[in-house]
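Just so you know, the sequences run in chain order A and B.
Here this note's numbering is used: the first residue of the first sequence is 203, the next is one more, and so on.
Here this note's numbering is used: the first residue of the second sequence is 203, the next is one more, and so on.
By construction, the Cβ of each residue, glycine as well, lies at the ideal position given by its N, Cα and C atoms.
Computed from a predicted model, the values in this text were never measured in an experiment.
2 protein chains.
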Amino acid sequence: MDSKIFNLKAKLEVYKAMTNGGNFADCPVRDVIQGISGKWNSLLVMALAEKPYRFGELRRLVPDISQRMLTQTLYDLQRDGYVHREVFPTKPPSVEYSLTDLGRSMFAPLQMLVQWAELNHDAVREARAAFDAAQA
Amino acid sequence: MDSKIFNLKAKLEVYKAMTNGGNFADCPVRDVIQGISGKWNSLLVMALAEKPYRFGELRRLVPDISQRMLTQTLYDLQRDGYVHREVFPTKPPSVEYSLTDLGRSMFAPLQMLVQWAELNHDAVREARAAFDAAQA
DNA sequence: TAGTGCTGGTCTCTTTTTGAGACTACCACT
DNA sequence: AGTGGTAGTCTCAAAAAGAGACCAGCACTA
Numbered sequence: 203m204d205s206k207i208f209n210l211k212a213k214l215e216v217y218k219a220m221t222n223g224g225n226f227a228d229c230p231v232r233d234v235i236q237g238i239s240g241k242w243n244s245l246l247v248m249a250l251a252e253k254p255y256r257f258g259e260l261r262r263l264v265p266d267i268s269q270r271m272l273t274q275t276l277y278d279l280q281r282d283g284y285v286h287r288e289v290f291p292t293k294p295p296s297v298e299y300s301l302t303d304l305g306r307s308m309f310a311p312l313q314m315l316v317q318w319a320e321l322n323h324d325a326v327r328e329a330r331a332a333f334d335a336a337q338a
Numbered sequence: 203m204d205s206k207i208f209n210l211k212a213k214l215e216v217y218k219a220m221t222n223g224g225n226f227a228d229c230p231v232r233d234v235i236q237g238i239s240g241k242w243n244s245l246l247v248m249a250l251a252e253k254p255y256r257f258g259e260l261r262r263l264v265p266d267i268s269q270r271m272l273t274q275t276l277y278d279l280q281r282d283g284y285v286h287r288e289v290f291p292t293k294p295p296s297v298e299y300s301l302t303d304l305g306r307s308m309f310a311p312l313q314m315l316v317q318w319a320e321l322n323h324d325a326v327r328e329a330r331a332a333f334d335a336a337q338a
């Protein structure tokens, strides 16, 4: 993965949008990135990209999320249009969460990041260990 | 950007790594994603991808970050190996932050997400407005 | 020569966010 | 009558983030 991946023209476009013409505050891209950079947001999108899940299924799938945060993160994702929430009138009503088209289209680039993480988590862990050793 | 982008084989690989074989807790990918999904992390990586910056320059570039969070986020990014910190012995010592090779390689997929955000922030904003209207 | 500003931070305090866990109501099954 | 599963909400404690004062050292200025 050499530096050729940095297409200059694309970079300039990105920066222009990102910096909103000079300043990083009040930047629309930042607004969007913010919405998916929470602690659980990307994780739940990844889970729902696989298949729709019900509330309790997600809770079991991600054991260390609190119900409170699960509720809230799903709410946020729904609000931003990534997730669709559907209530089924079963005997105890069940709720199914699934990705919308927007959510699926967002998952595509997110997946790139996940793949990068998969390939490089060793490097990150080594960097961390080296840094901590140097601090001591 | 249709569904053909979802290569099934790649997906399965990703899920395997992501879920650590069934559970989402203790997942290395999650560990890495966590490190770049903070509120300021991706923003600073984006800034440093453009060119190296000094501490005060970053503070001015991102006016709504507190010094405390700037210090800490840069520290975290340095610890994970994305950012290099170099002190120059000028009269008031100046410190320059730059991306490492690892940081640059991580920026490549991050850039995909930024481009997606650039293209879709209108859709997200509309979804938000529609959702808020429906709640009222 | 005292005052001002710039450097890159740290320290403390307050506010916000997150986490842990009890609690709810309804229904099915035993 | 008791137990468990449904999807949450509510409250309180802990952790993280934001605001802003403060620091030392040097340069320039008045």
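Integer-rounded CB distance, given that residue j should sit under 8 Å from residue i
| i | j | result |
| --- | --- | --- |
| Val-173 (chain A) | His-323 (chain B) | No statement about residue 173 (chain A) is possible, as the shown extent of chain A runs from 203 to 338 and does not include it. |
| Asp-282 (chain B) | Ala-329 (chain A) | 6 Å |
| Leu-301 (chain B) | Ala-251 (chain B) | 6 Å |
| Ala-249 (chain A) | Leu-272 (chain A) | At roughly 11 Å, the Cβ-Cβ gap does not stay under 8 Å, so Ala-249 (chain A) and Leu-272 (chain A) are not in contact. |
Pick from the options that is closest to residue i, judged by C-alpha positions
| i | options | result |
| --- | --- | --- |
| Arg-256 (chain B) | B:Met-271, B:Ala-329, B:Arg-287 | B:Arg-287 |
| Ala-332 (chain A) | B:Gln-274, B:Phe-333, B:Tyr-284 | B:Tyr-284 |
| Gln-274 (chain A) | A:Ala-325, A:Gly-240, A:Arg-327 | A:Gly-240 |
| Tyr-299 (chain A) | A:Gln-280, A:Arg-306, A:Thr-292, A:Lys-293 | A:Gln-280 |
| Val-289 (chain A) | A:Ala-335, A:Ala-336, A:Pro-254, A:Val-326 | A:Pro-254 |
| Pro-294 (chain B) | B:Ala-335, B:Asp-334, B:Gly-258, B:Ser-268 | B:Gly-258 |
| Cys-229 (chain A) | B:Arg-261, B:Asp-266, B:Thr-292 | B:Asp-266 |
| Asp-334 (chain A) | B:Ser-268, B:Gln-269, B:Leu-260, B:Asp-278 | B:Asp-278 |
| Ser-296 (chain A) | A:Gln-337, A:Leu-260, A:Ala-336 | A:Leu-260 |
Inter-stretch contact at 8 Å, needing at least 3 Cβ pairs: the region 297-314 of chain A / the region 297-315 of chain B = yes
Contact set between the region 265-282 of chain A and chain B, restricted to residues whose Cβ is under 8 Å from the partner = Pro-265, Asp-266, Gln-280, Arg-281, Asp-282
query = Touching or not, the region 235-243 of chain B and the region 236-246 of chain A, by the rule of three or more beta carbon pairs under 8 Å?
reply = yes
query = Taking a cut of 9 Å between CB atoms, which residues from the region 246-257 of chain A lie near chain B?
reply = Met-248, Ala-249, Ala-251, Glu-252
query = Mind pulling the beta strand (DSSP E) runs of 3 or more residues that sit fully within the region 282-336 of chain B?
reply = 285-290, 296-301
request  = Kindly provide the ranges of any alpha helix (DSSP H) runs that are 4 or more residues long and lie completely inside the region 226-254 of chain A, ordered along the chain.
outcome  = 230-238, 243-252
inquiry  = Which residues of the region 287-305 of chain B have a Cβ closer than 7 Å to any Cβ of chain A? Give them in chain order.
reply    = Leu-304
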